[in-house]
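Scroll down for the structure; my scribbles are underneath it.
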Amino acid sequence: MAGPAVAQTSPRAGARAFAPGAWVLALAVLAVLVAPLVVSPYYLTKMLPFFAYGVVLLGLNLLVGYTGLLSFGHALFLGVGAYTVSVATTRLEIRSFEVILLLAALTAAIVAAPIGALCVRYVKIYFGMLTLAFGMLFYSFLIKFYAVTGGDQGLRVAQHSLLGLFEARSGERVRFLTGQFYYYAAAVLAILALVMWRIVRSPFGLCLRSIRDNPEKAEYLGVSVRRHRWYAFMLSAVYAGIGGALLGPVTGQVDPTLVYWTHSGNLVFMVLLGGFTSFFGPLLGAFVFIFLQDQIMSVVPYWRLVFGAILAAIVIFAPTGLMGLLSQRPTLPRWAVLRQAPGPEHAN
Amino acid sequence: MSNVVDVLLSGVFAASILFLVAAGLQVVFGVLKIFNLACGSFYALGAYVGVSAVNWSLAAGLPRPLFVLALVGGGLALAFVGPIVERLLRTVYDRDEAFQLLLTFAVVLMLEDVTQLVWGTAPYSTGALYLSYGQALILGSTVPVYNLLVIGASVLIAVGLGLVLTRTRWGRIVRATADNREMAEALGVNMRRVYVQVFTLGTVLGTLGGALVIPSTTAISEMGIELIVQAFAVVVIGGLGSMRGALVGALIVGVLRAVAIATRPEVEMLLIYLIVIGVLVVRPRGLFGGAAA
């Protein structure tokens with residue numbers, strides 16, 4: 045398998061491979077829909093970060109899995125989205141969550157435009173380092189400019205309304221979150237997943253994969269490599285912004301740890317855990333990450349030790365992640381195996 | 482005047498610690514071509530073991546002025562961590578560097594909890610030992626003599642490393658490997674052994690840095706992930722894989738931070754990351770990059 049999901053050359057082969065997958069997907073959607081009726085509120089509140097991270101990771105995997113660029117600072121855009129919610133609800137008096145989501149997407153795009161333009165000039169480790177540096181730049185800004193950002197305390201997320209119809213009344217926060225907000229976030233994830241599904245199957249998505257597999261050849265065939273990488277960067281930042289915005293109301297508080305470099309690392313971890321070679325891999329990764337972390341922390345506080353061991357095992361033995369194990373295609377695509385000469389490799 | 486000297490000296494002290502960790506990062510990147518995020522965790526490990534080593538040896542009757550020996554001993558004893566982590570990394574040498582980076586991140590996660598498991602979450606320190614060598618008066622400012630000792634030790638290590646890498650047979654092999662792995666291997670260099678040795682050297686530089694810094698501060702479990710981003714700034718500014726780059730980069734980051742903290746505390750790390758981004762954009766090889774090891 046040469047890359048996420050649709051690497052097969054003939055569309056029929058793709059359809060055949062996905063027939064059982066479609067059933068699993070339908071079951072998963074059904075489970076999400078009926079969960080509020082049967083599952084305890086505690087686990088429902090754990091589903092909310094899953095929806096939020098799901099959106100973020102769909103975007104991140106466009107960059108990592110489909111374009112072949114490993115970002116180690118993607119939490120930056122998640123943070124931009126989360127802080128947008130906070131600023132919008134507390135300072136700008138914006139209540140409509142739809143407007144806030146749009147605002148988060150827009151802010152993330154505006155921030156990502158210059159950063160992406162600089163970052164996509166490089167690939168491999170230099171791309172990762174530059175994104176890491178931007179992430180930490182934003183982190184230091186959040187920490188130090190107390191008046192604007194609330195410093196290490198962060199900012200609170202205030203009252204907001206969904207579709208102009210629902211809002212959390214005082215004292216009913218949990219009911220709101222596990223009720224209306226639950227379905228709202230699930231719907232946002234579903235819509236954005238559908239959009240991403242279309243994107244990766246569009247000619248644009250094909251261009252991204254051709255760039256990942258062989259940038260020189262793609263350039264030679266007339267694909268503007270750098271511009272496509274930039275578009276992918278912006279798109280993934282917009283997804284991260286929206287996902288971050290969904291995360292804001294869940295925690296009720298946003299703080300700088302959201303953009304710290306280890307959080308970016310955890311995002312990549314989730315993508316890899318689920319499987320970066322599969323479209324739904326990152327969603328599975330987010331789900332497993334969140335619920336496994338919860339289970340471990342209910343027993344011992346040392347989730348990092350367990351997760352570090354899991355990450356090491358995944359990297360070494362199952363680099364295509366859980367999806368790779370499930371589909372019994374644990375071999376890596378060729379672009380992730382070959383090593384190229386070290387040194388700052390300029391993107392084409 | 483005394484203020485300026487104060488700031489400069491504290492900057493150089495920070496730089497001398499940063500240099501040790503960054504040098505560990507560089508030597509590993511130069512030869513193995515892996516950006517080892519776990520260098521910061523080695524530093525944290527060194528700090529914790531340093532405190533414990535001092536406490537044990539003082540309890541066992543080591544004269545107080547000799548506590549530095551316990552620190553150095555603790556830092557050196559942690560060399561055994563190197564081969565273990567290298568064994569882990571060996572499994573992904575032929576993989577894309579994304580996987581190598583993530584594997585070192587896995588080590589970061591594990592070591593952070595290992596330190597918490599062993600030493601708990603409360604901050605650890607060596608107490609009043611820091612000032613047990615007294616203070617020196619330099620150009621009107623008072624500096625703990627211990628800081629001067631560390632600066633001296635770091636300079637010694639830098640010179641020693643430079644000599645080993647340029648003058649000895651082993652150093653030539655290391656530089657040859659960094660330069661061209663295939664050629665070195667074809668000429669009969671035992672690659673596996675060189676990798677283990679170099680990685681262990683990188684580990685010890687990190688643990689030694691942590692052990693030496695600890696009298697001046699307290700050990701907390703986040704100190705590793707905090708330092709690695711500073712060391713990251715150092716190696717990017719200096720140039721990946723370059724020892725001279727580590728030295729100059731550490732001085733730039735250490736002194737600039739000290740100056741920023743003294744004059745405009747709000748720009749502190751912000752300034753450093755701006756420089757990092759500037760260097761990456763204008764000159765991605767860094768100040769001294771390009772030349773190997």
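Chains as they are written, first to last, in the working numbering: chain A, 45 to 392; chain B, 482 to 774. Ideal placement from N, C-alpha and C gives every residue a C-beta, glycine not left out.
Whole-Å CB distance - residue i paired with residue j, under 8 Å assumed
i: T128(A); j: A289(A); result: 6 Å
i: F500(B); j: A657(B); result: So it is not a contact: roughly 24 Å between Cβ atoms.
i: S613(B); j: T699(B); result: That belief does not hold up - the Cβ atoms of S613(B) and T699(B) are roughly 17 Å apart, past 8 Å.
i: V679(B); j: V655(B); result: 6 Å
i: G521(B); j: I709(B); result: 3 Å
i: V502(B); j: Y529(B); result: At roughly 15 Å, the Cβ-Cβ gap does not stay under 8 Å, so V502(B) and Y529(B) are not in contact.
i: F324(A); j: M278(A); result: Going by Cβ atoms, the distance from F324(A) to M278(A) rounds to 23 Å, so no, they are not a contact pair.
i: G103(A); j: S280(A); result: 4 Å
i: K188(A); j: L737(B); result: The pair is not a contact, with the Cβ atoms about 15 Å apart (cut-off 8 Å).
Residue(s) in a DSSP beta bridge with residue i
i: P843(B); result: With chain B running from 482 to 774 in the structure shown, residue 843(B) is simply not present.
i: Y346(A); result: Y346(A) pairs with nothing; no bridge assigned.
i: F586(B); result: For F586(B), which the question treats as bridged, DSSP gives no partner whatsoever.
i: F210(A); result: L206(A)
i: Q297(A); result: R200(A)
i: A700(B); result: Y605(B)
i: S140(A); result: S205(A)
CB contact below 8 Å: residue i versus chain A
i: A774(B); result: Reliability fails at A774(B), whose pLDDT of 35 lies under 50, so the model's placement of it is uncertain and the value that follows must be treated cautiously. No, A774(B) does not count as interfacial toward chain A.
i: F713(B); result: yes
i: T658(B); result: no
i: Y676(B); result: no
i: M750(B); result: yes
i: F769(B); result: no
i: E747(B); result: yes
i: V679(B); result: no
i: I706(B); result: yes
i: D594(B); result: yes
i: M591(B); result: yes
Contacts of residue i in chain A (Cβ-Cβ under 8 Å)
i: L598(B); result: Y346, L349
i: T744(B); result: Simply none; closest approach about 14 Å.
i: L755(B); result: L181
i: V588(B); result: G352, A356
Best match in the options for proximity to residue i [C-alpha to C-alpha]
i: G527(B); options: R764(B), V715(B), S622(B), M704(B); result: M704(B)
i: G555(B); options: V736(B), T684(B), L732(B), R568(B); result: T684(B)
i: V124(A); options: G365(A), L291(A), F361(A); result: L291(A)
i: G249(A); options: I235(A), H272(A), E263(A), P259(A); result: H272(A)
i: L169(A); options: T623(B), A579(B), E749(B), T607(B); result: Residue 169(A) is actually Ile in this sequence, not Leu. The residue with the shortest Cα to Cα distance from I169(A) is A579(B).
i: T301(A); options: L186(A), L74(A), A156(A); result: L186(A)
i: T321(A); options: L107(A), A79(A), G285(A), A72(A); result: L107(A)
i: R139(A); options: P345(A), Q203(A), R245(A), R217(A); result: Q203(A)
i: V76(A); options: L174(A), L206(A), E211(A), Y228(A); result: Y228(A)
i: I243(A); options: T89(A), L181(A), N105(A), G266(A); result: N105(A)
i: G296(A); options: H118(A), A212(A), A276(A); result: A212(A)
i: V486(B); options: P625(B), D660(B), L686(B), R674(B); result: P625(B)
i: G722(B); options: F494(B), L489(B), V488(B), K514(B); result: K514(B)
i: L552(B); options: L630(B), L569(B), R650(B), T744(B); result: L630(B)
i: P93(A); options: L317(A), L238(A), P345(A), L327(A); result: L327(A)
i: A237(A); options: L136(A), A157(A), V73(A); result: V73(A)
i: A362(A); options: S342(A), F313(A), F331(A); result: F313(A)
i: A148(A); options: A357(A), L101(A), G179(A), V131(A); result: V131(A)
8 Å Cβ cutoff, residue i in contact with chain B
i: P300(A); result: no
i: M367(A); result: no
i: I340(A); result: no
i: I334(A); result: no
i: I169(A); result: yes
i: V352(A); result: It should be noted that the sequence gives Gly, not Val, for residue 352(A). True, the Cβ-Cβ gap to chain B drops below 8 Å.
i: F185(A); result: yes
i: F323(A); result: no
i: L316(A); result: yes
i: A281(A); result: no
i: G47(A); result: The predicted model places G47(A) with a pLDDT of 45, which falls under 50 and marks its position as unreliable; any figure quoted below should be read in that light. Closer than 8 Å: no.
i: V312(A); result: yes
i: Y166(A); result: yes
Within chain C, the residues that residue i reaches when beta carbons sit closer than 8 Å
i: I758(B); result: This model lacks chain C altogether, as its protein chains are A and B.
Amino acids of chain B, ordered along the chain, whose beta-carbon sits closer than 8 Å to that of residue i
i: A148(A); result: Result: empty, since nearest Cβ-Cβ is about 24 Å, beyond 8 Å.
i: S360(A); result: Residue 360(A) is actually Ile in this sequence, not Ser. Going along chain B in sequence order, the residues near I360(A) (Cβ under 8 Å) are L569, T572, V573, L584.
Neighbouring residues, chain B, relative to residue i (Cβ below 7 Å)
i: T306(A); result: I706
i: P363(A); result: F580
i: Y127(A); result: The contacting residues do not exist; Y127(A) stays about 17 Å from chain B at best.
i: G309(A); result: F586
Cross-chain neighbours of residue i in chain A, by beta carbon under 7 Å
i: V710(B); result: M180, W305
Chain-ordered chain B contacts of residue i [CB-CB under 9 Å]
i: L114(A); result: D577, E578, A579, L582, L583
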